[in-house]
Structure formats: structure tokens, C-alpha cells
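*Asks:* If you scroll down you'll find the structure; I have some questions about it.
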Amino acid sequence: MAGPVSQRAAVRRKQAIFRWVTVSLVLAFFMLPLIGMLDFTTKVRRGGRTMATWKTLMNVSEISTKYPALKEGFIASIGLSVITVVIMLALLVPTMTWVRLRLPGMSRLVEFICLLPLTVPAIVLVVGLAPVYSWVFYLFGESTLWLGLAYVVLVLPYAYRALDAGLRAIDVKTLSEAARSLGASWFRVMWRIVLPNLRTAVLSASFLSVALVLGEFTIANLFSRRNLQVAMYQLGKSDAKISVAVGLLSLVFAFVVLFAMSFVGAQRSGSRRRRRPLAAAVAPAPAGTGSVKEPS
Amino acid sequence: MAKSPRSGTRALGGIKPSGALAGVVPFFAYTTVFLLIPTLVVIIAAFVSDGHLTLGNVRALGNAGFLTALKQSIILSALTAIIGAVVGGILAYAVSTARPDGILKRFITSLCGVLAQFGGVALAFAFIASFGAQGMISAWMKKAGVGPSSTLWLYQWDKGVLLVYLYFQIPLMLIVFLPAVEGLRPQWREATETLGGTTWTYWRRVAMPILFPSFVGATLLLFTNAFSAYATAAALVSQAQPLVPLQIAGTFTSETVLGQANVGKAMALAMVVVVAIVMTIYAWLDKRSSKWLVR
């Protein structure tokens, strides 16, 4: 009869086989359409391959003369990313730190509000934002960049999770008490003490936001503004190859960001919860469901 | 920190409680304007037309077009949620048996993160490029003689759209469900074995009952995710409006009929109601499932 050790080894072997079969099958489903994109962009009518589409895409001057809409959308998306990240950080970092230090009773409320956008479909948000934006466009002009104000709301849940993981890992209270007792102003505490300690969390919140903004379509399209995704969508009707290439590129970019972040998160600490800041930040559990527990 | 929120505030003091509240004003002001007001606008405007209260907008939802779209949206969301949950759940278990910090797990979670959260239009493009008239996979299928004669299926809500939705539902399931599967302790399996249980006993009597609430919860989450999705469907379906988000977008862009905007708000309210019901069940389940799993 097999002993417990060999029995465990057998279980392990079975698990490994099961793992590889399952992962290969599902990965095939995930990868095939992406490979299909690559195939589509390099195909020539009579068989054979060409890199012409990708060469065009890498050639900045050619892109801007041949596809002005794409250039416009790309620039708008870059601007939107910057605006979104700046407002998001300016709004969240001080508020979350402050709530931890002075208003712990409000942490549930802030968490609830930050996670709320996950339960409100973007299309519903657009419907509700229409009157707000008619004011914004009326007061400040018709720039696409004002969409950044709404994007901040879209990225709130992801940014909140990332920053929350960062704040958990440091002792904000002791740090700021020390700084305050040495005579630092609140601004100095924020700028010189809290922010440097939150580096990784701020970085991952920012990258998640950028990836999300670069992929945003719903709001821009329905407000008839042109960002990268809308430009790609419109171009898809006239020049499919370029737009598919742009689509593939944006997916690859988002993947690189997330993959790199999975390593950044791992270096921080040995605790189980903190080893997966990415999964925690990306998982869209809705508001107030106890996914983030207060240590008691 | 939760233990003694007041202790040690002396060193941080110098500001009265009202002053402490001032620190969170910008945050609440911002979220009021860009999150709470829009939500209220949807709820209130659904019952207002030309400045007075009415049930007309809600009654307008009774037309056949909207009800069909609602039915199709719910069927599509439910189907992709269930298939996505089963396939994604199996994948999550498979990935959970890999090394915790191994490259395989990182690769899969990152890939799933991209497909589940950041895809949108690009995912629709991926399927058009692969399964469209000149697509790689259509060519393969034609060669093998199994493919359908036209590529029309790709743009129908119950075929192509369903397939594309699975392309972001399965990854989402992995992301949501992986923490639950990783919460299964190896000791539980060993305990089962010590007591003479087989692998089947372990799954039937231990793992499944523990995972079941999380599994149902994740399925509900997938449902609302598919139900709210717009970008992918919009990029794929351009002829008709078979789904609720597309119908809302239709009322938003069409300026032909006055008052359509308010019907759009009523549709949005209907969406919020469906999502709210599902989320309430989810919250209740999540409370139950967190009893066993330390997250």
C-alpha cells in the first residue's frame, strides 16, 4: 500500500497535469484572437507577410499626416491620463491619509463612495453626467480634456484599492506624529513624509488609472469626444488594419503595465494580503461587501 | 488603529473637529458633483418630463423594443456569467495549484486583468480580425470544412457577441475567484485523507460547500459586468440595438424625437434596479462566504 508521502506525490502529479491541460486550453482561447489580430495586420492579399502597417504605426510623422484623427485621439488620451492621475492623486492621497489620522469613523463611508462606481454602469453614469457636462462645457469650453473629471470617478475604485494597500503597509499615524512633533506643517507631512512612503502604491494607482483611461470608450463616444479608443473605433470603418494594430498595441501596453506591477507589488512585504495588491486592486468587488476588512 | 482612534491625537491636534472635517471637503464635493448628482439625475429624471412628475417615461419602457432588449441582455448576461464562472472557476483552481509567486500565475493574472478590465473596443476588433471574412480562424475553419458559410453570426447578440463576452467574463472570473480558491487550506485536504476520505469526498463535502457562496457571488458579479458592458457590444454590433446599453446609447445620440432623453434615463434606471438587486444578493452572500475564508 502506498504511504502518505507517495500519495501526496501522486496528488501533486495529477494536479500538475490538470493544471497544464486547463491552462493550455484556456490560454489558447485567450491568445488565438490576439494572434489573429497580429495575423490580420501583417497579411498580404496573395499570401505572405508585410510589416507595412506596423512601420506606419511607428512612424510618427506619417501617422500624423495620414491619420490626423488617430493622432488627435492619442494626444487627447495622453492628456486625459495626466489630468486624471493628477486629480485622482490630489483627491485621494490627502483624503485617505487624513481619514486615517483624524476621522477613522469616516473610513467606511469613503470606501463606499470610492467603490460605488463599480456598481454604476458607465453607460448609466453617462446618462447622469449629461447635465453636469452641459454645464462644464458651457462654463469652461468644449475641450475633450474635461472628460478627465469624469474619468477620475471611473478610476476611483482601482486607485482606492491600490492606495489603501499602500497605507496599510505603513504606520501613517506614528510617522505623522513624529513629523508634527518636530514642527512640520501638515502640507510638509503630506509632501515629504506620506507621499514618499507611498511611492509604490501611488505608482500602481497611477499606472492602473493610465491603463484604464487609455482604454476608455463609453463616455467619450457618447459625449462625441475623440480619444484614442473612439479614434480607433471610427478608423475601424475605413482602415481596419491600422485600427486593429492600435487595438493590439493598447492591449499589449496594458498587459506590460499589469505584469510589471505584479512584480513591484511582490517586493513589498511577506504578508499574504499584500502579496496580491494587483489582484486586490483589479478585482471589482462592489462597495461595502467586506472585501477590505478593518484590522481589529 | 480601530482599537483606539482617539488616543494619541494630541500630537496631531491643534485643529478642532470641525477643522478635521474640512480636510475631506474636497473629496466629498468632487464625488457629489461627478458621482452622486449623476446617479440622482438618473433616478429623478426618469420620473420627470417637461418639469413635472410623470410615469410616462417608465411606461414608455413597456414598448416591445425595450422589453426584447432587456430580455436579451438578461439572457446574454446570465449565459456568459454561468459559462464564464464554470470555465473561469476551473482555470482559477488550476492556477491556484501553481507556485504562488511563479511566472505562470503572474502571467495569467496580468493577462486576465487586461482582458477583463481594459479591453473594450479592442476585444471586439480581435474577434473581427480573427473570425471576420479575412480572419485567420475563419480561414482555418474553411480549410477544415467546418466553418459557417457567412460571418454574419459574429455580429449577432446570441452568437458572436456571446463569444466575445466570454472573452472578458472568463478572465474576470479568474481574478474574482482566485482569492477564494487560494483560501482553501491544504490542511483541510489532509484532514479529509486522514479520516479516510477520497478526493471526491474532499470536493463534495469540504471544498465545494466552502467555495459555493463565493462561486455564486462571483457569478452574480459576472452577470452585472456583462449587463453593464457597452464598448465591446457597440464596436461589434452596428446595425441593430439588441441590448439595453445599446438602446440607451441610441436614445442618447438620436435627437429626432424630443423627450427620448428622458426615456433613456428611465432605461438607465431600469439597469440600475437590475444591478442593485443582483448586488444586494451578492453582498449578502459575500458576508456568508467570508466566514470561512480569511482574505
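Chains as they are written, first to last, in this note's numbering: chain A, 32 to 327; chain B, 1418 to 1712.
C-beta atoms are modelled at their ideal positions from N, C-alpha and C, and glycine is treated no differently.
(1) If you measure beta-carbon to beta-carbon, which residues of the segment 58-89 of chain A are closer than 8 Å to chain B?
(2) With a threshold of 16 other CB atoms inside 10 Å of the CB of A/Gln38, please say whether the residue is buried or exposed.
(3) Using a Cβ-Cβ distance under 8 Å, would B/Ile1587 count as near chain A?
(4) Using only alpha-carbon positions, find the residue among B/Ala1550, B/Gln1551, B/Gly1530, B/Gln1656 that is nearest to B/Leu1595.
(5) May I have the straight-line CA-CA distance separating A/Val275 from A/Gly267, to the nearest angstrom?
(6) With DSSP as the reference, please indicate the residues paired to A/Lys74 in a beta bridge.
(7) Please state whether DSSP places A/Leu56 in a helix, a strand or coil.
(8) Using beta carbons (cut-off 8 Å, strictly below), is B/Gly1552 in contact with chain A?
(9) Counting only Cβ-Cβ distances shorter than 7 Å, please list the residues of the segment 1676-1691 of chain B near chain A, keeping chain order.
(10) For B/Ala1651, is the beta carbon positioned less than 7 Å from some heavy atom of the ligand ADP?
(11) Hey, is A/Leu170's beta-carbon within less than 8 Å of any beta-carbon in chain B?
(12) For B/Gln1658, which residues from the same chain have a beta carbon less than 6 Å from its beta carbon, with the 5 sequence-adjacent residues on both sides left out?
(13) Does the Cβ of B/Pro1517 have 16 or more other Cβ atoms within 10 Å, making it buried, or fewer, making it exposed?
(14) Would you mind stating whether A/Leu279 and A/Leu69 have Cβ atoms separated by less than 8 Å?
(15) I'd like to know whether the C-beta of A/Ser281 is nearer than 8 Å to at least one C-beta of chain B.
(16) For the alpha helix (DSSP H) containing A/Val244, name the first residue and the last one.
(17) If you follow the alpha helix (DSSP H) that A/Ser207 is in, where does it begin and where does it stop?
(18) Is the beta carbon of A/Leu156 sitting closer than 8 Å to the one on B/Phe1669?
(19) Looking at C-beta atoms only, is the number of pairs between the segment 1564-1572 of chain B and the segment 1501-1509 of chain B that lie closer than 8 Å three or more?
(20) If we cut at 8 Å on Cβ distances, does A/Gly28 have a partner in chain B?
(21) Would you mind telling me which residues of chain B sit closer than 8 Å to A/Met137, beta carbon to beta carbon, in chain order?
(22) Is the separation between the beta-carbon of A/Phe61 and that of B/Leu1532 shorter than 8 Å?
(23) Taking DSSP as the reference, what is the three-state secondary structure of B/Leu1484?
(24) Considering A/Thr249, what are the terminal residues of the alpha helix (DSSP H) in which it resides?
(25) Note down, in chain order, each residue of its chain lying with its Cβ closer than 8 Å to the Cβ of B/Thr1618, except the 5 sequence neighbours on either side.
(26) A/Leu289 versus chain B: which residues are under 7 Å apart at the beta carbon?
(27) Using only the alpha-carbon positions, how far apart do A/Phe284 and B/Thr1471 sit?
(28) Quick test of your reading: A/Leu88 and A/Ile201, contact by CB under 8 Å. State the CB separation rounded to the nearest angstrom.
(29) Name the chain A residues that come within less than 8 Å of B/Val1536, Cβ to Cβ?
(30) Output the residue ranges of the alpha helix (DSSP H) runs that lie fully inside the segment 1474-1521 of chain B and measure 4 residues or longer, sorted by chain position.
(31) Might you give, ordered along the chain, the residues of its own chain that have their beta carbon closer than 8 Å to the beta carbon of A/Gly172, omitting 5 neighbours on each side?
(32) Nearest-angstrom Cα distance between B/Val1635 and A/Thr53?
(33) Please confirm if A/Ala153 has its CB atom under 8 Å from at least one CB of chain B.
(34) Report the neighbours of A/Leu198 on chain B: residues whose CB is nearer than 8 Å to its CB, in chain order.
(35) Which residues in chain B sit within 8 Å of A/Met263, going by Cβ to Cβ distance?
(36) With a threshold of 8 Å, are at least 3 pairs of Cβ atoms found where one atom belongs to the segment 1448-1462 of chain B and the other to the segment 156-166 of chain A?
*Replies:* Result, derived from the coordinates:
(1) Against chain B - using a Cβ distance shorter than 8 Å - the residues of the segment 58-89 of chain A are Leu58, Phe60, Phe61, Leu63, Pro64, Leu65, Ile66, Gly67, Met68, Asp70, Phe71, Thr72, Lys74.
(2) With a threshold of 16 other beta carbon atoms within 10 Å, A/Gln38 falls short and is exposed.
(3) Yes, B/Ile1587 lies at the interface with chain A (some Cβ there is under 8 Å from its Cβ).
(4) Answer by Cα proximity: B/Gly1530.
(5) Between A/Val275 and A/Gly267, the C-alpha separation is close to 7 Å.
(6) Looking at the DSSP output, A/Lys74 shares a beta bridge with A/Arg80.
(7) Helix, per DSSP.
(8) Yes, because at least one Cβ of chain A sits closer than 8 Å to the Cβ of B/Gly1552.
(9) Of all residues in the segment 1676-1691 of chain B, Gly1681, Lys1682, Ala1685, Met1688, Val1689 have a Cβ within less than 7 Å of some Cβ in chain A.
(10) As for the ligand ADP, it is missing from this structure, which has no ligand bound.
(11) For A/Leu170, the answer is no, since every Cβ of chain B falls outside 8 Å of its Cβ.
(12) Result list for B/Gln1658: Gln1664, Gly1667, in chain order.
(13) Exposed, since its Cβ has fewer than 16 Cβ neighbours within 10 Å.
(14) A contact, by the Cβ cut-off of 8 Å.
(15) Yes, A/Ser281 counts as interfacial toward chain B.
(16) Its alpha helix (DSSP H) spans residues 230-245.
(17) A/Ser207 -> alpha helix (DSSP H) spans 203-212.
(18) Result no, Cβ atoms of A/Leu156 and B/Phe1669 do not sit closer than 8 Å.
(19) These segments do not touch.
(20) A query on residue 28 of chain A cannot be resolved here, the shown segment of chain A reaching from 32 to 327 and no further.
(21) Neighbours of A/Met137 on chain B, chain order: Val1441.
(22) Here A/Phe61 is near B/Leu1532, since their CB atoms are less than 8 Å apart.
(23) Of the three classes helix, strand and coil, the one that applies to B/Leu1484 here is helix, per DSSP.
(24) A/Thr249 -> alpha helix (DSSP H) spans 249-253.
(25) Cβ neighbours of B/Thr1618 beyond the five flanking positions: Thr1609.
(26) Chain B residues near A/Leu289: Ser1527, Gly1530, Val1531.
(27) Straight-line Cα distance between these residues: approximately 48 Å.
(28) 42 Å between Cβ atoms; not a contact.
(29) According to the sequence provided, residue 1536 of chain B is Gly. The question's Val does not apply to it. What B/Gly1536 touches in chain A: Gly246, Leu282.
(30) Here the runs fully enclosed are 1481-1513.
(31) Around A/Gly172, the same chain offers no residue with a beta carbon nearer than 8 Å, after the five sequence neighbours per side are excluded.
(32) It should be noted that the sequence gives Ala, not Val, for residue 1635 of chain B. C-alpha separation (whole angstroms): 20 Å.
(33) Taking Cβ atoms only, chain B reaches closer than 8 Å to A/Ala153, which makes this a yes.
(34) Going along chain B, no residue has its Cβ under 8 Å from A/Leu198, so there is no contact; the nearest lies around 10 Å.
(35) Residues of chain B passing the Cβ test: Val1538, Ala1539, Phe1542.
(36) A contact exists between the segment 1448-1462 of chain B and the segment 156-166 of chain A.
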